[in-house]
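> Chain order of the listed sequences is A and B.
Letter by letter, the first sequence follows residues 328 to 440 of our numbering.
Letter by letter, the second sequence follows residues 1160 to 1271 of our numbering.
Note that the Cβ used here is the ideal one computed from N, Cα and C, for glycine as well.
In this text, all values refer to a predicted model and were calculated from it rather than measured experimentally.
This is the structure I have questions about; it appears just below.
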Amino acid sequence: GDSVTQMEGPVTLSEEAFLTINCTYTATGYPSLFWYVQYPGEGLQLLLKATKADDKGSNKGFEATYRKETTSFHLEKGSVQVSDSAVYFCALSDRQGNNRLAFGKGNQVVVIP
Amino acid sequence: KAGVTQTPRYLIKTRGQQVTLSCSPISGHRSVSWYQQTPGQGLQFLFEYFSETQRNKGNFPGRFSGRQFSNSRSEMNVSTLELGDSALYLCASSRTENYGYTFGSGTRLTVV
Chain A
328 GDSVTQMEGP
338 VTLSEEAFLT
348 INCTYTATGY
358 PSLFWYVQYP
368 GEGLQLLLKA
378 TKADDKGSNK
388 GFEATYRKET
398 TSFHLEKGSV
408 QVSDSAVYFC
418 ALSDRQGNNR
428 LAFGKGNQVV
438 VIP
Chain B
1160 KAGVTQTPRY
1170 LIKTRGQQVT
1180 LSCSPISGHR
1190 SVSWYQQTPG
1200 QGLQFLFEYF
1210 SETQRNKGNF
1220 PGRFSGRQFS
1230 NSRSEMNVST
1240 LELGDSALYL
1250 CASSRTENYG
1260 YTFGSGTRLT
1270 VV
């Protein structure tokens, strides 16, 4: 079935550092891809999305490009802030009539002042 | 505009009891999905409703059920609660799968 793999372990970095979170996927067809963010005690917020190959999703300084050839959708931000500390989830929707999201395990990001 | 509203925010139940959680989607969103989030299993899809019909179901036992009303509001029910049902239950609504899903803040269920 469809699946999403995120890099293992939390990510700890200093304020203004460059952030990359890797995400690869396995899916039949051409899924839509998403990044969600979860702050402590809250639900998920859609951060950005891309619906076809080579699309770049962007929001609040975060970017991710839909790479069909490498089945990847890595999240990047050039200069993180303490307020970016949260858990980040990569997800896909297969668009094959199955209106469901398959999520990666998530990555805890901690930004130190 | 109002987001996805889930009630209650917190619940404590005893093993063997049943529980009903409620979700009000964003106005105009006809698809409502439910997810279970636990530290061990992460985010897992429970089911999805569209126009009062269950369109998709995840790999959960029959103790987990749901329904959707004509105003798109949805409820999920868990019967004969087990300790392992302790989780954050998230509801999401959408217009279409490509549009993106908006999540509520969740209901934190604790089974003791």
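Just verifying my parser: in three-state terms, what is the DSSP assignment at Leu1240/B?
Three-state DSSP puts Leu1240/B in coil, outside helix and strand.
> Rounded to the nearest angstrom, what separates Pro368/A and Leu1247/B at their Cα positions?
Checking the sequence shown, residue 368/A turns out to be Gly, not Pro. Going from the Cα of Gly368/A to the Cα of Leu1247/B covers about 10 Å.
> Measure how close the beta-carbons of Gln372/A and Gly433/A come, nearest whole angstrom, since I'm counting them as under 8 Å.
Not confirmed; about 13 Å, so no contact.
> Please list, in chain order, the residues of the segment 359 to 374 of chain A that have any C-beta partner in chain B closer than 9 Å.
Answer in chain order: Ser359, Phe361, Tyr363, Gln365, Gly368, Glu369, Gly370, Leu371, Gln372, Leu373.
> Is there contact between the segment 1211 to 1221 of chain B and the segment 1161 to 1174 of chain B, where contact requires at least three CB pairs shorter than 8 Å?
In short, these stretches do not touch, since the Cβ pair count stays below three.
> Check whether the segment 355 to 370 of chain A touches the segment 406 to 414 of chain A, counting contact only when three or more Cβ pairs, one atom from each stretch, lie closer than 8 Å.
Yes, they touch.
> If the cut is a Cβ gap below 7 Å, which residues of chain B does Lys376/A touch?
The answer, in chain order, is Gly1259.
> Which whole-angstrom value is the C-beta distance of Leu1242/B and Gly1263/B, which I expect to be below 8 Å?
The Cβ separation is near 24 Å, so there is no contact.
> With a CB to CB cut of under 8 Å and the five nearest residues on each side skipped, what residues in its chain are close to Val1178/B?
Here the set comprises Leu1170, Lys1172, Asn1236, Val1237, Leu1240, Leu1268.
> Determine the direct distance from the alpha carbon of Leu375/A to that of Gly431/A, and round the result to whole angstroms.
Roughly 15 Å between the two C-alpha positions.
> Hey, out of Trp362/A, Ala344/A, Leu346/A, Phe345/A, whose CA is closest to Tyr352/A's CA?
Of Trp362/A, Ala344/A, Leu346/A, Phe345/A, the residue nearest in Cα terms is Trp362/A.
> Tell me the rounded alpha-carbon separation between Phe1223/B and Asn1215/B.
Distance between the alpha carbons of Phe1223/B and Asn1215/B is about 13 Å.
> Report buried or exposed for Arg1174/B, applying the criterion of at least 16 other Cβ atoms within 10 angstroms of its Cβ.
Exposed: under 16 other Cβ atoms inside 10 Å.
> Ordered along the chain, which non-local residues of its own chain (more than five positions away) have a Cβ less than 7 Å from that of Val331/A?
Excluding positions up to five away in sequence, the list reads Cys350, Tyr352, Cys417, Ala418, Leu419, Ala429, Phe430, Gly431.
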